[in-house]
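Residue numbers (the numbering used here), protein chains in the order written: chain B, 8 to 262; chain W, 401 to 707.
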Ligand SMILES: Nc1ncnc2c1ncn2[C@@H]1O[C@H](COP(=O)(O)OP(=O)(O)O)[C@@H](O)[C@H]1O
Ligand SMILES: [Mg+2]
């Protein structure tokens, strides 16, 4: 088990080594997306929406946008990116000639996607903090929440990598799964605006739980009960998704 | 002692049987050649050795262990040159090797030294900082050799190591393989070049459609299947008839129809020349038989359906 963790960590560090090379150009799009949402929705739409739950619209949106960064980061990293490494470039096949096995490749991917998601959404939070849009008291807990959002959404990405028949089908996955999750997880408006059925469906979205927790942490008036129940659900969801991902992607690495 | 032993080893992909009841032993210190047309199941057999392909049935032991459960320990002692290079194009030569040295568990303080030695061994020192894309095909292949040797392997597996390379690189790689043999490293090599197999291998297995067709040393295979000499003459009806008339058990002449030539084989050079003289035909070429003739005889001169 020690060897497994050591090797998985090295696999994850390969991705970090590559990522670090073009750190700036890699980070810019991740930060740019939420920035444009804030500018267009927050300032543009915010003029029409005077207050939500006693906050400006930009304040309302901030924590959700930061959390959805974990969704996007995790999905793209485990779909297109991993797919290319697995099926086109054979990076994984080369690694499989060393003591690294399929298990270490998958664990390494989880480690990488978890840390990257946590880091990215923390980056967004720090930018929001600079503009005074979030409360700083519980800021330290945000990366842990985003880490699990990243694991769950990374699980979804790996599941789609195992299932698509061509790289172009990720567009379909994005349109049918990722986009709805992004728009209906309470980032842009409270989900109690929805029909009850949709509210129940939202519980299947890892992003929804992450958004609620981070909102509680960053709005400055945390509700412990909400945080605990959603943490539990997020934990269970991410474990289930990672487990399914493991089972589906493992055979793709065996010849 | 045998480093690899397989018994009735089978791998199926759906209904398709890629490796079919293969029994093989690869003794310590040997250079073992695995020959066979495209699709014969060579690469699949190899991936079962290092535990990345799980067998459908049968047994396989590598270093006395089952690769399904001890894959990691087994790969620790193997140096594998995969059929495709799979070099990490997002890193340069040195970074690639550092990553794989770490994955092979080379102690931290030895990494740099080991890489430098091996880059030198493969004449790549001058490319240490080069991006992968800046390397020629031959250099990339040599770098894959470096990668395979980082862990000081007890056995190396070379899957078509020289396919598509120019003669100079091929000869360089042969020299390196011989050097490894001298150091006592066991070698398993697949190749489509029969001169390569004849030069390097102590023992050869010919596979076709997943099955082992033949096994033996290059010499013994030639002696068994097509000893002697081959003469090639132009492939006309007239020639065919001339020689067919002469072909009976007493004349010891074998006629093989190839794509554009007629090949005549006899155990004895003098006999071959008498036949040519009597038929009044000038040969295009006369040469001793070689492993290629054995290969074509065993696997057939037509392309198999899987190829
Ligand atoms: N993952 C796979 N799924 C289905 N068929 C496969 C797979 N891998 C190999 N095959 C088939 O098995 C046969 C043997 O392949 P391979 O071992 O690569 O042959 P060789 O290396 O001798 O050229 C080929 O017909 C190939 O198409
Ligand atoms: Mg092959």
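Note that beta-carbon positions come from the ideal geometry of N, C-alpha and C, so glycine has one too.
Predicted, not measured: the structure shown is a model, and the values here were computed from it.
In this structure, does DSSP put residue 412(W) in helix, strand or coil?
Start at 1 with the first residue of the second chain, and residue 412(W) comes out as number 12. In the structure shown, residue 412(W) sits in a strand (DSSP, three-state: E or B).
With residue 224(B) as the anchor, note down where its alpha helix (DSSP H) starts and where it stops.
Reading the first chain from its first residue, position 217 is the one you call residue 224(B). First-last of the alpha helix (DSSP H) with residue 224(B): 213-225.
Pick helix, strand or coil for residue 160(B), following the three-state DSSP scheme.
In the first chain, counting from the first residue as 1, residue 160(B) sits at position 153. Three-state DSSP puts residue 160(B) in a helix.
Between residue 228(B) and chain W, is the shortest Cβ-Cβ distance under 7 Å, so that the two count as touching?
Counted from its first residue, the first chain places residue 228(B) at position 221. Cβ-Cβ to chain W under 7 Å: no for residue 228(B).
In angstroms, rounded to a whole number, what distance separates the CA positions of residue 448(W) and residue 483(W)?
Taking the second chain and counting its residues from 1, one reaches residue 448(W) at position 48. Taking the second chain and counting its residues from 1, one reaches residue 483(W) at position 83. One C-alpha to the other measures close to 14 Å.
Leaving aside the five residues before and after residue 243(B) along the sequence, list all residues of the same chain whose C-beta is less than 6 Å from its C-beta, in chain order.
As a first step, residue 243(B) must be located in the first chain, where it is residue number 236. Around residue 243(B): no qualifying Cβ.
Closer than 5 Å between the C-beta and any heavy atom of ligand 1: which residues qualify, listed along the chain?
413(W), 418(W), 438(W), 439(W), 440(W), 441(W), 442(W), 443(W), 444(W) and 706(W)
Could I get the ranges of all uninterrupted alpha helix (DSSP H) runs contained in the segment 93-177 of chain B, with 4 residues as the minimum, in chain order?
98-102, 109-137 and 149-170
Does the beta carbon of residue 641(W) fall short of 6 Å from some heavy atom of ligand 2?
Numbered from 1 along the second chain, position 241 holds the residue referred to as residue 641(W). The answer is no for residue 641(W).
Between which two residues does the alpha helix (DSSP H) holding residue 188(B) run?
Counted from its first residue, the first chain places residue 188(B) at position 181. Residues 186-190.
Nearest-angstrom Cα separation, counted from residue 10(B) out to residue 508(W):
Within the second chain, the letter at position 108 stands for residue 508(W). Within the first chain, the letter at position 3 stands for residue 10(B). Going from the Cα of residue 508(W) to the Cα of residue 10(B) covers about 16 Å.
Count Cβ pairs between the segment 607-619 of chain W and the segment 417-427 of chain W that sit closer than 8 Å; are there 3 or more?
yes
Nearest candidate by alpha-carbon position, reference residue 160(B), set 262(B), 174(B), 107(B) and 120(B):
As a first step, residue 160(B) is located in the first chain; it is residue number 153 there, counting from the start. Minimum Cα distance to residue 160(B) is reached at 120(B).
For the alpha helix (DSSP H) containing residue 583(W), name the first residue and the last one.
Counting from 1 along the second chain, the entry for residue 583(W) is found at position 183. No alpha helix (DSSP H) holds residue 583(W); DSSP gives it neither H nor E.
In chain B, which residues lie with their C-beta within 7 Å of the C-beta of residue 454(W)?
The sequence position of residue 454(W) within the second chain is 54, counting from 1. Within chain B, the residues near residue 454(W) are 261.
Under a Cβ-count criterion, where at least 16 other Cβ atoms within 10 Å of its own Cβ denotes burial, should residue 153(B) be classed as buried or exposed?
In the first chain, residue 153(B) corresponds to position 146, counting from 1. Residue 153(B) should be labelled buried.
Name the two residues that bound the continuous beta strand (DSSP E) containing residue 709(W).
Because chain W is modelled from 401 through 707, residue 709(W) falls outside the range shown and cannot be assessed.
Using 8 Å as the threshold, is the segment 180-192 of chain B in touch with the segment 206-215 of chain B, meaning 3 or more CB pairs across them?
yes
Whole-angstrom C-beta distance between residue 545(W) and residue 633(W), which should lie under 8 Å:
Working through the second chain from its first residue, we reach residue 633(W) at position 233. Working through the second chain from its first residue, we reach residue 545(W) at position 145. About 42 Å separates the two Cβ atoms, so there is no contact after all.
Determine contact between the segment 436-444 of chain W and the segment 71-83 of chain B, defined as no fewer than three beta-carbon pairs at a distance below 8 Å.
no
Say yes only if the C-beta of residue 178(B) is nearer than 6 Å to one or more non-hydrogen atoms of ligand 2, and no if none qualify.
Within the first chain, the letter at position 171 stands for residue 178(B). No, the beta carbon of residue 178(B) sits no closer than 6 Å to any heavy atom of ligand 2.
Output, in sequence order along the chain, the residues in the segment 99-119 of chain B whose CB is closer than 9 Å to any CB in chain W.
99, 100, 101, 102, 103, 104, 105, 106, 107, 108, 109 and 111
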